[in-house]
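Just below is one structure, and these are the notes that go with it.
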Amino acid sequence: MDRHALIDRVRRLDPLRVDVLAAAVVTVLALIEAALTDVHAPKAATLAMVPLMCAPLAIRSRAPFAGTLAAFGVLLLSDALGAGLDWLFTPVAVAIALIVTAAARGSGGRLALLVAVSLAGCAAVIAASPNDDANLGDYLWGTTMVVLLPVAAGRAFRNHSELAALLHERARSLEAERDEQARRAVAQERERISAELHDVVAHGVSAMVVQAGAARRIVAAGGDADTGRAAIAEVEATGREALDELRRLLGVLRRGDEALALAPQPSLARVDRLVARLRDEGLPVELVVEGEPFPLPVGLDVTAHRIVEDALGDVLRRDGSAATTVAVRYRRHELELEVADDAAGDRADGGVALRERVALFRGDLQAGRRRGGGHVLRARLPVERGAA
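The C-terminal residue of the sequence shown carries number 390 in my numbering, and the numbering is unbroken.
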């Protein structure tokens with residue numbers, strides 16, 4: 003259970019039940035203390051007054067001010083009857099707890115009245131005490147320990163509670179905002195993927211039409227059977243590739259046809275142009291290509307370009323002057339993309355949108371801080387050579 007959930011659970015507890023339970027427990031403890039302590043008073047009177055002194059705890063949350071008045075009233079009655087409650091720790095602690103709660107709940111005139119009543123009550127209890135040696139020092143000590151310090155503690159508790167509630171609400175708001183940003187990023191990426199579905203399918207279908215037309219002409223002209231079979235095999239291979247792309251992209255809601263981009267289809271082969279354009283705009287970015295480039299499936303090719311484009315766009319948003327390196331690594335059965343920069347801060351969405359895209363190709367994406375400062379985004383996409 004996280005801290006926020008624990009705080010909510012504690013706040014949902016019924017205050018009245020908690021106070022009644024606390025009053026019962028404190029009453030038992032006070033009775034034990036009274037039974038074991040010599041307060042120079044009739045034991046029966048002391049034991050009889052203990053429940054009356056602890057009872058105001060049951061209304062601590064509902065009416066702390068009234069509970070404080072009741073507690074001082076019981077202490078005065080105890081001194082009048084010679085019960086000696088003010089010699090015991092637990093009853094005095096009850097009065098202190100009530101003052102702390104009342105100070106935390108009160109403000110303005112109500113708080114001033116609480117202090118005045120508590121000081122008067124404390125003075126009355128000291129004056130009514132059978133201790134003939136009571137003096138001004140006893141009064142100052144008693145009022146400080148029983149009234150002034152508890153009032154200060156109550157105000158500090160109130161300020162802390164208000165600050166904690168504010169921070170708790172702010173943390174919840176930030177968490178909700180992060181979740182909303184992540185959902186929005188995923189939705190935007192799905193829209194962009196769905197728009198690219200048009201390009202992917204158009205590419206595959208166009209190639210199939212051309213290859214099927216060639217096969218038809220070969221057959222119609224009575225040409226070589228092997229050549230015709232090869233053309234038909236090309237149609238089949240292209241169709242299988244298009245189906246693979248459709249399986250990855252279908253199910254994503256697409257925008258209307260009017261929103262489809264008319265620009266050339268994104269491709270890793272054009273990433274050098276992207277890097278050059280951003281360099282012209284002032285971003286110190288370098289492109290490093292490792293390995294021998296090979297043809298990529300259309301959907302994966304588009305995804306690779308989008309990963310680099312998105313990562314560079316994020317660098318621009320964070321720090322348009324950050325030194326950046328784009329690495330494209332062609333492995334035997336894998337394409338690895340890495341964008342590293344020395345900008346401060348992390349991605350706003352933690353790469354959520356790109357993870358959605360990379361997952362379509364059973365790839366892996368990692369984004370975070372790197373040693374020595376800066377940020378790195380690394381994507382690995384499995385590739386079947388010859389599938390393009």
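All C-beta atoms, glycine included, are put in the ideal place defined by N, C-alpha and C.
What you are looking at is a predicted structure, and each value in this text was computed from that prediction instead of being measured.
Looking only at C-alpha atoms, which of Arg219, Val385 and Ala329 sits nearest to Val300? Translated into the one-based positions of the sequence shown, residue 300 becomes position 298. With distances taken between Cα atoms, Val300 lies closest to Val385.
Starting from Gly370, follow the alpha helix (DSSP H) in both directions and report where the run begins and ends. For the purposes of this step, residue 370 is taken as residue 368 along the sequence shown, with counting starting at 1. That residue, Gly370, is in no alpha helix (DSSP H); its beta strand (DSSP E) goes Asp366 to Arg371.
How would you call Leu77, buried or exposed, if buried means at least 16 neighbouring beta carbons within 10 angstroms? The residue you call residue 77 lines up with position 75 of the sequence shown. With at least 16 other beta carbons inside 10 angstroms of its own, Leu77 counts as buried.
Nearest candidate by alpha-carbon position, reference Pro53, set Phe67, Arg380, Glu35 and Glu283: Within the sequence shown, the letter at position 51 stands for residue 53. Considering only alpha carbons, the answer is Glu35.
Simplified DSSP assignment, three categories, for Ala381: Taking the sequence shown and counting its residues from 1, the one referred to as residue 381 is at position 379. Of the three classes helix, strand and coil, the one that applies to Ala381 here is strand, per DSSP.
Expressed to the nearest angstrom, what Euclidean distance is found between the alpha-carbon atoms of Glu338 and Arg231? The residue you call residue 338 lines up with position 336 of the sequence shown. The residue you call residue 231 lines up with position 229 of the sequence shown. Approximately 36 Å between the Cα atoms of the pair.
Arg107 lies in the beta strand (DSSP E); which residues open and close that run? Locating residue 107 in the sequence shown gives position 105, where the first residue counts as 1. From DSSP, Arg107 is part of no beta strand (DSSP E) but of the alpha helix (DSSP H) over Phe91 to Arg107.
Start and end of the alpha helix (DSSP H) containing Leu83? In the sequence shown, residue 83 corresponds to position 81, counting from 1. Going by DSSP, Leu83 is part of the alpha helix (DSSP H) stretching over Pro66 to Leu83.
Buried or exposed: Gly284, going by 16 or more other Cβ atoms within 10 Å of its Cβ? Residue mapping note: residue 284 aligns to position 282 of the sequence shown, counting from 1. Gly284 should be labelled exposed.
For Val119 and Ile61, I'd like the C-alpha separation in whole angstroms. Here residue 119 corresponds to residue number 117 of the sequence shown, with the count starting at 1. Here residue 61 corresponds to residue number 59 of the sequence shown, with the count starting at 1. Their Cα atoms are separated by approximately 18 Å.
Does the separation of the CB atoms of Val406 and Asp343 fall below 8 Å? Nothing can be reported for residue 406, as the shown portion of the chain is limited to 3 through 390.
With burial defined as no fewer than 16 other Cβ atoms inside 10 Å of the residue's Cβ, what is the status of His162: buried or exposed? The sequence position of residue 162 within the sequence shown is 160, counting from 1. With fewer than 16 other CB atoms across the displayed protein chains lying within 10 angstroms of its CB, His162 is exposed.
Examine the Cβ distances between the region 96-113 and the region 65-73 and report whether three or more of them are shorter than 8 Å. Below 8 Å, enough C-beta pairs join the region 96-113 and the region 65-73 to call them touching: three or more.
If we ignore side chains and look at the alpha-carbon of each, how far apart do Ala346 and Thr327 end up? Within the sequence shown, numbered from 1, the residue matching residue 346 stands at position 344. Within the sequence shown, numbered from 1, the residue matching residue 327 stands at position 325. One C-alpha to the other measures close to 15 Å.
Pick out whichever of Glu236, Gly376 and Gln190 has its Cα sitting closest to the Cα of Ala325. Looking up residue 325 in the sequence shown gives position 323. Comparing alpha-carbon positions, the option among Glu236, Gly376 and Gln190 lying closest to Ala325 turns out to be Gly376.
CA-to-CA distance, Glu288 to Val277, given in whole angstroms: Mapped onto the sequence shown, residue 277 falls at position 275. Mapped onto the sequence shown, residue 288 falls at position 286. Cα-Cα distance, rounded: 7 Å.
Since Ala106 contacts Phe159 with CB under 8 Å, what's their CB separation in whole angstroms? Position 104 of the sequence shown, counting from 1, holds the residue named residue 106. Position 157 of the sequence shown, counting from 1, holds the residue named residue 159. Yes, Ala106 and Phe159 are in contact; Cβ-Cβ is about 5 Å, under 8 Å.
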